[in-house]
Amino acid sequence: MKLELYFGPGACSFVPHFGLEKIKAATGQDFEARTVKLHKGEQRAPEYLALNPNGQVPLLVVDGQPLTQIVAICDFLDRSFPKAGLLPTDAWARSKALSDLAWFNNTVHPTFTHFFMPFKFADDEASQASMKGKSVSQYRKLIERIQDMVKGGTPFLGGAEPNLLDAYALTLYRWGGMTGIDPASIPVLRDYVDQLAKHPAIAAALERERIPLHTYKPA
Ligand SMILES: N[C@@H](CCC(=O)N[C@@H](CS)C(=O)NCC(=O)O)C(=O)O
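The working numbering applies: residue 671 is where the sequence shown begins, and numbers increase by one.
Structure (structure tokens):
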């Protein structure tokens, strides 16, 4: 199978990126990683839009066929490579994990988007500033809920080994630093992320994307 992942460094595409690294380690199935420079607008280039009309990452091209949306990509990777341990195998536990993955994707993630790209939602500066302020406080509450989820992990959301949920939690933690969330105020999540970063598949994806784990800069 030929797998090509289009990713933006530090973006939500980190989730399938981790998944593909874990698949490679578990099965030997390789993938090609193609960088999309989001800050340069490469996601809006005609050739890219032909593959993904949403103009976003991630995009997984499987034997020439494009697949978009994190939840669908994760489901495909897990079903195709069950030995990689990307999601639980038990039907109920798998659906619960997909439920959390969907919540990360359709609630936590868009809250950050309102902070990071307010211009997508309003034209005037006052509305954008107001939206950014509101989304920061909302995002903190959501990150605290993720910290609560992590408290129940053993030691990861995926159990003894990190799974796709852990890769998304790490991504959302990194974004939290950009919104001004001091890691010292979420010590359980910070320590969990530090542990997570030691896992070979997480470490490999962080290295290829050349991104720091902690993004918080005191004002
Ligand atoms: N629901 C989409 C969300 C994808 C998304 O928001 N991607 C962001 C990066 S995290 C992106 O490509 N943004 C660039 C843009 O919108 O111009 C998915 O699951 O794939």
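Using N, Cα and C, we set each Cβ at its ideal position, and we do this for glycine too.
Bear in mind that the values here come from a model prediction, so they are computed numbers and not experimental data.
- Here the C-alpha atom of residue 803 lies approximately 11 Å from the C-alpha atom of residue 782.
- In its chain, beyond the 5 residues on either side, 691 have a beta carbon closer than 6 Å to the beta carbon of residue 874.
- Taking one beta carbon from each stretch, the region 785-792 and the region 854-866 have fewer than 3 pairs nearer than 8 Å; the two do not touch.
- Residue pairing by DSSP places residue 675 opposite 703 and 730 in a beta bridge.
- In this structure the region 746-761 does not touch the region 708-716; the number of beta carbon pairs closer than 8 Å is below three.
- The three-state reading of DSSP puts residue 826 in strand, counting E and B together.
- Residue side-chain check: residue 798 keeps its Cβ at 7 Å or more from all non-hydrogen atoms of ligand 1.
- CA-to-CA, the gap between residue 882 and residue 725 works out to about 25 Å.
- The distance from the Cβ of residue 839 to that of residue 816 is about 6 Å, consistent with a contact at the 8 Å cut-off.
- At least one heavy atom of ligand 1 sits closer than 7 Å to the Cβ of residue 682.
- Residue environment: residue 837 is assigned as buried (16 or more neighbouring CB atoms within 10 Å of its CB, all protein chains considered).
- DSSP places residue 870 in the helix class (H, G or I) of the three-state scheme.
- Shown here, residue 756 sits in coil according to DSSP, grouped into three states, outside any helix or strand.
- DSSP places residue 859 within a helical segment (H, G or I) once states are collapsed to three.
- Shown here, residue 736 sits in a strand according to DSSP, grouped into three states.
- With fewer than 16 other Cβ atoms from the protein chains shown falling within 10 Å of its own Cβ, residue 772 counts as exposed.
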